[in-house]
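Participant: The sequence shown runs contiguously to residue 414 in this note's numbering. Yeah, the Cβ is synthetic: ideal placement off N, Cα and C, and Gly gets one too.
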Amino acid sequence: MYQIKFLKTLTLQRNPILPPKYKPKPKDPAYELTTTLSVTNDLGEQFYYGDVELTVQARYFIQNSPTAKHEVINITTIPWTRGKRSVDVKIPFSMRDAPAGGYVALHASVDPKAKMVDAMNYGKIPTETLIEETFEGLDTSFFKTCDDTSCGEIAGPWFLATMTNLLQVPKTIEELPLKGEYMAIREIQNVLLYEEMSGTIARHLWDAGVMVNCWDVDELANFMSLGDKQFTTSSKINILELGTGIGLVAVHLTKAMKRATVLATDLEDAEEICNQNINLNGVGKRVKFSELDWESPTSTGIKWDVIIITDCIYNPLYFEPLINVLKKESGPETHVVLAHKFREPYSESQFFPKIDKFFRLRKQRWSSREQKLIHMGLYTLK
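1) Rounded to whole angstroms, what is the Cα-Cα separation between LYS320 and ILE278?
2) Taking the alpha-carbon positions, what's the LEU75 to ASP260 distance?
3) Short check: CB of ILE406 to CB of ASP250, under 9 angstroms?
4) According to DSSP, is ALA187 part of a helix, a strand, or is it coil?
5) Which runs of the alpha helix (DSSP H), 4 residues or longer, sit entirely within the stretch 231-279?
6) Can you tell me where the alpha helix (DSSP H) holding PRO4 begins and where it ends?
7) What's the gap between the Cα of MET243 and the Cα of MET127?
8) To which residues does DSSP link ILE123 through a beta bridge?
9) Would you check if the distance between the CB atom of TYR92 and the CB atom of VAL121 is smaller than 9 angstroms?
10) Leaving out five residues on either side along the sequence, give the residues of the same chain with a beta carbon under 7 angstroms from the beta carbon of VAL149.
11) Am I right that ILE387 and ILE355 are in contact with their C-beta atoms under 8 angstroms? What's the rounded C-beta distance?
12) Under 8 angstroms Cβ to Cβ from TRP336, same chain only, skipping five residues before and after it: list those, please.
13) How long is the line joining the alpha carbons of MET195 and HIS139, rounded to whole angstroms?
14) Taking C-beta to C-beta, are VAL369 and ILE341 nearer than 9 angstroms?
15) How about ILE217 and PRO98: are their beta carbons less than 9 angstroms apart?
16) Does the stretch 309-323 come close enough to the stretch 374-383 to have 3 or more Cβ pairs within less than 8 angstroms?
17) For GLN78, count neighbouring C-beta atoms within 10 Å of its own C-beta (all shown protein chains included) and say buried if the count is 16 or more, exposed if not.
18) By how many angstroms is the C-alpha of PRO56 removed from the C-alpha of LYS373?
19) Going by DSSP, what residue range makes up the alpha helix (DSSP H) through GLU303?
20) In the structure shown, what three-state DSSP assignment does ASN356 receive?
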C-alpha cells in the first residue's frame, strides 16, 4: 500500500508565462496551482520504487467544503519513475474556468487501469514462520475487502489518492500569490478525512486502519462476533477505540453500523483533527473523542462490547501500557479487535506472547500485499 502525499502546501499564483505588466483576459491561463507530491508508505520513509502515472486534477468548488459539488477545470498526468523522491506539479487555468469567490484544490490519484511497473520484486511475503511461531493453530484466511477501487481491488500496487485543502480564488490577480494550509483531504471508501501534511504520527493515516475500513462490513461484523454474542451491521454495539489518530476507524464503524456508538480515544495531540473528521462526516451524535492516557490508573467505567486497536504496537515501550489498559477496560464478554501492520516483525512480534498471558486469541485474518503484511486478531480475556 502506498500513499500519495503532498510535501508542500498548495500555492495559487500568477502564471509566470504571462508578461509582468500584461492584464490577462478571462480566457487566458492567468492562474497557476503549484505543489510537490511524493509516493511513499504510510510513515513516509519508504518511497515507491517503480513506474506509474499520476493523474492530477485542478478542481473548482463553489462552496468552501470538500463535500460540495465540483468541476474539473484542468487535468494532467505526471510520470513517477523508480528512484524519484518527489515530483513538482504546476497546473494553469483561466479566470473564466474559476470565477473569483470560488475555491480551487488539486486532487492526485493513480488510475486503477493505468500501466505500472513495480521494480521492487517483492514476490511472496514469507508469512509461514511468523504464523507458526506467533499465531500457531488458528485459521489463517485472508481479508475479503470491499469492491471500491479506493480499497485496493486492483492488480498491482495499491495507491491512496489525496486532495489539497481548498484555496479561495481572489477577486483580483494582484492579490496573488496565496498559500493553503498544511492539510490534505482523503476519501477512503465512504469516509472523508483531513490529514496533516506534517506533524506528529497521531495526525496521519496508518495502513491497518485503512484495511479495517476497506474490509467488507458484513465480514467485519461477523469477525467481531463470537459464540452467543453475534453482531450484524444493525446491532446495537458499544465500541471503544484506543489510539484513534485522525479518526478513520471510529467514523467508519459509526457509518457502517447504524446503531453503534463509539468512544474514540487518544492523547491530546489527536483531539482537534479527530473532532474535525467526526464533524466533516456528520457522525457527532454517535462518536465522541476523549483523551485517554494508557498509563492512567483510572478506567472509563463503561461496559464495552468491542474494543478496537489499529497500528498501536509499533513501539515496544507501549506494550505493557496497552495491555494494562485493555485489562482495565475489558469485561468477560468484551471482544478485543487488534489490527497491526508488521514493520519490524522481530520486535513487534514480541507483543503477542505478552498479551497471551491475559487474553486468548480466538480468530485471525491476514492481508499480504507488496511490502505490507497486516494481521487482525479477535481476543477475549482468559
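Facilitator: The answer reads as follows:
1) By 1-based counting over the sequence shown, the position of residue 320 is 288. By 1-based counting over the sequence shown, the position of residue 278 is 246. The C-alpha of ILE278 is placed about 13 angstroms away from the C-alpha of LYS320.
2) Locating residue 75 in the sequence shown gives position 43, where the first residue counts as 1. Locating residue 260 in the sequence shown gives position 228, where the first residue counts as 1. Approximately 39 angstroms, taken between the alpha carbons.
3) As a working mapping, residue 406 is identified with position 374 in the sequence shown. As a working mapping, residue 250 is identified with position 218 in the sequence shown. In this structure, ASP250 does not lie closer than 9 angstroms to ILE406 by Cβ.
4) The count along the sequence shown starts at 1 and reaches residue 187 at position 155. Low per-residue confidence applies at ALA187: pLDDT is 43, beneath 50, and the placement is therefore not dependable, though the value from the model is reported in the following sentence. The answer is coil: DSSP assigns ALA187 none of H, G, I, E or B.
5) With a minimum length of 4 residues, the continuous alpha helix (DSSP H) runs that stay inside the stretch 231-279 are 239-246, 249-256.
6) Missing from the structure shown is residue 4; the chain here goes from 33 to 414 and no further.
7) Your numbering for residue 243 matches position 211 in the sequence shown. Your numbering for residue 127 matches position 95 in the sequence shown. Going from the Cα of MET243 to the Cα of MET127 covers about 41 angstroms.
8) Along the sequence shown, read from residue 1 onward, the residue named residue 123 stands at position 91. Answer by DSSP bridge pairing, in chain order: LEU65.
9) Taking the first residue of the sequence shown as position 1, residue 92 is located at position 60. Taking the first residue of the sequence shown as position 1, residue 121 is located at position 89. The answer is no: Cβ separation not under 9 angstroms.
10) Numbered from its first residue, the sequence shown carries residue 149 at position 117. In its chain, beyond the 5 residues on either side, GLY82, ASP83 have a beta carbon closer than 7 angstroms to the beta carbon of VAL149.
11) In the sequence shown, counting from the first residue as 1, residue 387 sits at position 355. In the sequence shown, counting from the first residue as 1, residue 355 sits at position 323. Between ILE355 and ILE387 the Cβ distance is about 6 angstroms, and since that is below 8 angstroms, they are a contact.
12) Here residue 336 refers to the residue found at position 304 when the sequence shown is read from its first residue. Excluding residues within five positions, the ones whose Cβ falls inside 8 angstroms are ASN270, ILE271, LEU272, GLU361, SER362, GLY363, THR366.
13) As a working mapping, residue 195 is identified with position 163 in the sequence shown. As a working mapping, residue 139 is identified with position 107 in the sequence shown. The straight-line gap separating the alpha-carbon atoms of MET195 and HIS139 is approximately 4 angstroms.
14) Here residue 369 refers to the residue found at position 337 of the sequence shown. Here residue 341 refers to the residue found at position 309 of the sequence shown. Taking a C-beta distance under 9 angstroms as the contact criterion, VAL369 and ILE341 qualify as a contact pair.
15) Locating residue 217 in the sequence shown gives position 185, where the first residue counts as 1. Locating residue 98 in the sequence shown gives position 66, where the first residue counts as 1. ILE217 is a Cβ neighbour of PRO98, given a cutoff of 9 angstroms.
16) With the cut-off at 8 angstroms, the stretch 309-323 and the stretch 374-383 do not touch.
17) Residue numbering aside, residue 78 sits at position 46 when the sequence shown is read from its first letter. Exposed: under 16 other Cβ atoms inside 10 Å.
18) Reading the sequence shown from its first residue, position 341 is the one you call residue 373. Reading the sequence shown from its first residue, position 24 is the one you call residue 56. Distance between the alpha carbons of LYS373 and PRO56: 52 angstroms.
19) Within the sequence shown, numbered from 1, the residue matching residue 303 stands at position 271. Residues 303-312.
20) Numbered from its first residue, the sequence shown carries residue 356 at position 324. DSSP places ASN356 in the helix class (H, G or I) of the three-state scheme.
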